[in-house]
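**Q** With the UniProt record's numbering, the residue at position 25 of the sequence shown is 25, and numbering never jumps. Backbone N, C-alpha and C define an ideal beta-carbon position, used for all residues, glycine too.
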Amino acid sequence: MEDNNEAYVHTVYGASRLLPSGGRWNSIEVDYNLLSTSSHSNEFEHSSTIYSKSFTFNLIVANKSHFKRFIFASVALLLLIITIVLLISFLPHKHDDSQSSTNLSFALKQALLFFDAQKSGRINNSLVKFRGDSGLQDGHFGPINASLAGGFYDSGNNVKFSFPTAYTITLLSWTVIEYHEKYEAMDELEHVKDIIKWGTDYLLKLFVPPNSTATPALIYSQVGSANISSNSDNDLTCWQRPEDMKYGRPVSVCGSSAADLAGEISAALAAASLVFTDEKSYSLELIQASESLFKLVNISEKKQTYTMDLACGGEARNYYNSSGYLDELVWGATWLFFATGDYSYLRYVINNFETAAQVELVSDHGAFYWNNKLSATAPNTSTSLQLASTAAFLTKLYSDYLDSIKVEGRACGDDLYSLDDLQTFATSQVQYILGNNPMKMSYVVGVGSEYPKQVHHRGASIPWDGKQYSCTEGKRWKDSKDANPNVLLGAMVRGPDKEDGFSDERNRPEYTEPSIAGNASLVATLVALLNHPTTCRIDRDAIFANIS
Numbered sequence: 001m002e003d004n005n006e007a008y009v010h011t012v013y014g015a016s017r018l019l020p021s022g023g024r025w026n027s028i029e030v031d032y033n034l035l036s037t038s039s040h041s042n043e044f045e046h047s048s049t050i051y052s053k054s055f056t057f058n059l060i061v062a063n064k065s066h067f068k069r070f071i072f073a074s075v076a077l078l079l080l081i082i083t084i085v086l087l088i089s090f091l092p093h094k095h096d097d098s099q100s101s102t103n104l105s106f107a108l109k110q111a112l113l114f115f116d117a118q119k120s121g122r123i124n125n126s127l128v129k130f131r132g133d134s135g136l137q138d139g140h141f142g143p144i145n146a147s148l149a150g151g152f153y154d155s156g157n158n159v160k161f162s163f164p165t166a167y168t169i170t171l172l173s174w175t176v177i178e179y180h181e182k183y184e185a186m187d188e189l190e191h192v193k194d195i196i197k198w199g200t201d202y203l204l205k206l207f208v209p210p211n212s213t214a215t216p217a218l219i220y221s222q223v224g225s226a227n228i229s230s231n232s233d234n235d236l237t238c239w240q241r242p243e244d245m246k247y248g249r250p251v252s253v254c255g256s257s258a259a260d261l262a263g264e265i266s267a268a269l270a271a272a273s274l275v276f277t278d279e280k281s282y283s284l285e286l287i288q289a290s291e292s293l294f295k296l297v298n299i300s301e302k303k304q305t306y307t308m309d310l311a312c313g314g315e316a317r318n319y320y321n322s323s324g325y326l327d328e329l330v331w332g333a334t335w336l337f338f339a340t341g342d343y344s345y346l347r348y349v350i351n352n353f354e355t356a357a358q359v360e361l362v363s364d365h366g367a368f369y370w371n372n373k374l375s376a377t378a379p380n381t382s383t384s385l386q387l388a389s390t391a392a393f394l395t396k397l398y399s400d401y402l403d404s405i406k407v408e409g410r411a412c413g414d415d416l417y418s419l420d421d422l423q424t425f426a427t428s429q430v431q432y433i434l435g436n437n438p439m440k441m442s443y444v445v446g447v448g449s450e451y452p453k454q455v456h457h458r459g460a461s462i463p464w465d466g467k468q469y470s471c472t473e474g475k476r477w478k479d480s481k482d483a484n485p486n487v488l489l490g491a492m493v494r495g496p497d498k499e500d501g502f503s504d505e506r507n508r509p510e511y512t513e514p515s516i517a518g519n520a521s522l523v524a525t526l527v528a529l530l531n532h533p534t535t536c537r538i539d540r541d542a543i544f545a546n547i548s
């Protein structure tokens, strides 16, 4: 989460690539070698020659003693082989990492575990053994008395940022809507739904509607302090497990003018309502909260980004500085249309999309991530590992829809891209992340034979030994050159620099820090690319279930 203005998307040679522009990867272009098939592909000739010979011989045992020794030795060798086979079969052994690096199903299961490691609040039966209850008093700070326990820690620190949390839940919900059969076939559907509900339960707490003209609406944008220059203990100056926190955790509060934050939370709640259609009362609660928040912010006379208000997003500005709010409002309206079937939301999208595109940052054009949603609301118009992942997800999702309506490809200008081209591009980005890169290492912890060992993460770097470590004591774990004592399975680190270099050092968060938004993009890409033999590629009707 440490501030870094550079973002990259990487190349896997011989497949397809994301092209850079200037000093920042600010657009997505797809470049395919469509006519690269070898002219020698049909030049191989197959021939076989079979030789057979017959021999007739007589076996005479000249020495019975030697023969018995031979029989005993043979039997002993056979028993030894059987014993070794049984040991290999029954003794616990490590995952075959050489297989795991290319096993999308294994990688997806690991990537979901990262969200369990990021949970805040009261945790029962955690899947991550080095995590326990934390942040139970969140929301109670100074004059603020709100119940804000829950949610997710953003990255390697103990801050809870509402903006990327909402984006994360929206993206995860989208993947379940489109690919729920794949999750179910992997026995991960309930797991991912638990992660989403952990997030939506928290998001519902963040919006407090006005109950009178004297009591305005409130939106909580942050829990914990991200002030690195502070002399007091806080979530960035301390290197401490969440379970050991004793310092105060400030709460940042916004009004109804925080249009981008409101739009993102609305999108998350609306998208999640489609995930929980089998829980009608909860799904309805999500829709009602989403509509209430969206309508409230749209009647506000002073719309602005949440980071423009010091009390609302002053600290978040250094880490999740929102550059505009129209894309989030279009994003929120899009999901409300899918969730409700109300065409007024579709008209809102149509009427505001072009304006949102005009004010979009040049550096964000074509990119889909926590700060920009236009590529997702217009996938036909088409950094970091996060950008590579979301580009791959949108590409694969688009190709799946083309395939579902029996369209073989699509023209983009003078070029024609087939379904195989789109698949190749999406696959190349994931292959880079999982180890097909100049560093020959996977950037997802626990996947592949080589992956980052010094992940920038407080909980993973401090031993889970029953002892409480103060802020000062924790710093020795931050500065240690040893591998993390707790393996943060499934965490996708920020990744390499623009020269494809990578430094596996805990004190280099620009390389080794993971985030929930980054892992959401990884999960989206992995589930989209996963071809399970018992499921179809996509459920093309689920997202349109409420539209008539």
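Going by DSSP, which residues form a beta bridge with I219?
**A** To locate residue 219, count along the sequence shown from 1; it is residue 219. Answer is F207, C254.
**Q** Should G413 be labelled buried (16 or more other beta-carbon atoms within 10 Å of its own) or exposed?
**A** The residue given as residue 413 occupies position 413 in the sequence shown. Result: exposed.
**Q** Just reading off the beta strand (DSSP E) that G409 is part of, what are its end residues?
**A** Position 409 of the sequence shown, counting from 1, holds the residue named residue 409. Counting along the chain, the beta strand (DSSP E) containing G409 begins and ends at 409-412.
**Q** For H140, write down the residues that DSSP places opposite it in a beta bridge.
**A** Counted from its first residue, the sequence shown places residue 140 at position 140. Its beta-bridge partners are N145.
**Q** Looking at V445 and L108, is the spacing between their C-beta atoms short of 7 Å?
**A** Along the sequence shown, read from residue 1 onward, the residue named residue 108 stands at position 108. Along the sequence shown, read from residue 1 onward, the residue named residue 445 stands at position 445. For L108 and V445, no; Cβs fall outside 7 Å.
**Q** Could you tell me which whole alpha helix (DSSP H) segments of length 4 or greater appear in the UniProt domain "Glycoside hydrolase family 9" (381-526)?
**A** Taking only runs of at least 4 residues, the alpha helix (DSSP H) segments lying wholly in the UniProt domain "Glycoside hydrolase family 9" (381-526) are 385-404, 419-433, 458-461, 471-478, 509-512.
**Q** Taking DSSP as the reference, what is the three-state secondary structure of G132?
**A** Position 132 of the sequence shown, counting from 1, holds the residue named residue 132. Correct three-state label for G132: coil.
**Q** Please classify K119: does DSSP put it in a helix, a strand, or coil?
**A** Within the sequence shown, residue 119 is the residue found at index 119, counting from 1. In the structure shown, K119 sits in a strand (DSSP, three-state: E or B).
**Q** Taking 7 Å as the limit between beta carbons, can you name the residues of its chain near I462, skipping five residues before and five after?
**A** For this step, residue 462 is matched to residue 462 along the sequence shown. R241, Y469, G474, W477, listed in sequence order.
**Q** If contacts are defined as beta-carbon pairs under 8 Å, then D154 and S399 qualify, I think. What distance do you get, rounded to the angstrom?
**A** Taking the first residue of the sequence shown as position 1, residue 154 is located at position 154. Taking the first residue of the sequence shown as position 1, residue 399 is located at position 399. D154 to S399, Cβ: 32 Å. No contact.
**Q** So the candidates are D421, S105, T340; which of them puts its Cα closest to the Cα of A271?
**A** Here residue 271 refers to the residue found at position 271 when the sequence shown is read from its first residue. Considering only alpha carbons, the answer is T340.
**Q** So what does Q304 bridge to, in DSSP terms?
**A** Taking the first residue of the sequence shown as position 1, residue 304 is located at position 304. According to DSSP, Q304 bridges with A258.
**Q** Along the chain, where does the alpha helix (DSSP H) containing D327 start, and where does it finish?
**A** Here residue 327 corresponds to residue number 327 of the sequence shown, with the count starting at 1. Here the alpha helix (DSSP H) through D327 covers 326-340.
**Q** Report the rounded CA-to-CA distance for G139 versus V223, giving the unit in angstroms.
**A** In the sequence shown, counting from the first residue as 1, residue 139 sits at position 139. In the sequence shown, counting from the first residue as 1, residue 223 sits at position 223. About 7 Å.
**Q** How is the alpha helix (DSSP H) around I287 delimited, first residue to last?
**A** Mapped onto the sequence shown, residue 287 falls at position 287. 280-298 is the span of the alpha helix (DSSP H), which, as asked, contains I287.
**Q** Can you tell me the Cα-Cα spacing of D421 and F152, whole angstroms?
**A** Taking the sequence shown and counting its residues from 1, the one referred to as residue 421 is at position 421. Taking the sequence shown and counting its residues from 1, the one referred to as residue 152 is at position 152. Approximately 37 Å between the Cα atoms of the pair.
**Q** Going by C-alpha distance, which of Y319, Q118, L419, V208 is nearest F130?
**A** Mapped onto the sequence shown, residue 130 falls at position 130. Checked all of Y319, Q118, L419, V208; the closest Cα to F130 is Q118.
**Q** Taking the C-alpha atoms as reference points, what is the distance between T390 and K396?
**A** In the sequence shown, the residue the question calls residue 390 occupies position 390. In the sequence shown, the residue the question calls residue 396 occupies position 396. Each residue's Cα considered, the two are about 10 Å apart.
**Q** So, using beta-carbon positions, are Y183 and A517 closer together than 7 Å?
**A** Reading the sequence shown from its first residue, position 183 is the one you call residue 183. Reading the sequence shown from its first residue, position 517 is the one you call residue 517. No.
**Q** Quick one: what's got a C-beta closer than 7 Å to A520's C-beta in the same chain, skipping five residues either side?
**A** Within the sequence shown, numbered from 1, the residue matching residue 520 stands at position 520. Here the set comprises T168, L171, L172.
**Q** So G313 is in the alpha helix (DSSP H); what residue range does that whole segment cover?
**A** Position 313 of the sequence shown, counting from 1, holds the residue named residue 313. Residues 310-313.
**Q** Between the alpha carbons of S98 and S449, how many angstroms are there, rounded?
**A** In the sequence shown, residue 98 corresponds to position 98, counting from 1. In the sequence shown, residue 449 corresponds to position 449, counting from 1. Note on S98: pLDDT 34, under 50, position unreliable in the model; no value is reported.
**Q** Measure the C-alpha to C-alpha separation of P216 and D415 and round it to an integer number of angstroms.
**A** Start at 1 with the first residue of the sequence shown, and residue 216 comes out as number 216. Start at 1 with the first residue of the sequence shown, and residue 415 comes out as number 415. Distance between the alpha carbons of P216 and D415: 53 Å.
**Q** At 4 residues or longer, what runs of the alpha helix (DSSP H) sit wholly inside the region 169-207?
**A** If we require 4 residues or more, the alpha helix (DSSP H) runs fully inside the region 169-207 come out as 189-206.
**Q** Nearest to P209 by alpha carbon, out of R317, S344, V297?
**A** In the sequence shown, residue 209 corresponds to position 209, counting from 1. Ranking R317, S344, V297 by Cα distance to P209 puts V297 first.
**Q** Tell me the rounded alpha-carbon separation between F425 and V330.
**A** Position 425 of the sequence shown holds residue 425. Position 330 of the sequence shown holds residue 330. Going from the Cα of F425 to the Cα of V330 covers about 28 Å.
**Q** Under the three-state reduction of DSSP, which class applies to K160: helix, strand or coil?
**A** Here residue 160 corresponds to residue number 160 of the sequence shown, with the count starting at 1. Correct three-state label for K160: strand.
**Q** Identify the continuous alpha helix (DSSP H) that holds N351 and give its terminal residues.
**A** Looking up residue 351 in the sequence shown gives position 351. Per DSSP, N351 belongs to the alpha helix (DSSP H) from 343-358.
**Q** Please state the DSSP three-state secondary structure of S212.
**A** The residue you call residue 212 lines up with position 212 of the sequence shown. Of the three classes helix, strand and coil, the one that applies to S212 here is strand, per DSSP.
**Q** Between D116 and L127, how many whole angstroms is the CB-CB distance? I'm expecting something under 8 Å.
**A** By 1-based counting over the sequence shown, the position of residue 116 is 116. By 1-based counting over the sequence shown, the position of residue 127 is 127. About 5 Å; that satisfies the 8 Å criterion.
**Q** Helix, strand or coil for F152, going by three-state DSSP, please let me know.
**A** In the sequence shown, residue 152 corresponds to position 152, counting from 1. F152: strand per DSSP, three-state reduction.
**Q** Using the rule of at least 16 other Cβ atoms within 10 Å of the residue's Cβ for burial, across every protein chain shown, is V407 buried or exposed?
**A** For this step, residue 407 is matched to residue 407 along the sequence shown. The residue is exposed, with fewer than 16 neighbouring Cβ atoms inside 10 Å.
**Q** Please classify I405: is it buried, with 16 or more other beta-carbons within 10 angstroms of its beta-carbon, or exposed?
**A** Looking up residue 405 in the sequence shown gives position 405. It is exposed - the Cβ of I405 has fewer than 16 other Cβ atoms within 10 Å.
**Q** What is the DSSP secondary structure of S266, counted as helix, strand or coil?
**A** The sequence position of residue 266 within the sequence shown is 266, counting from 1. Helix, per DSSP.
**Q** Give me the Cβ distance between Y432 and A388, rounded to the nearest whole Å; I'm assuming they're in contact under 8 Å.
**A** On the sequence shown, residue 432 is found 432 positions in, with the first residue counted as 1. On the sequence shown, residue 388 is found 388 positions in, with the first residue counted as 1. Indeed they touch by this definition, with Cβ atoms about 7 Å apart.
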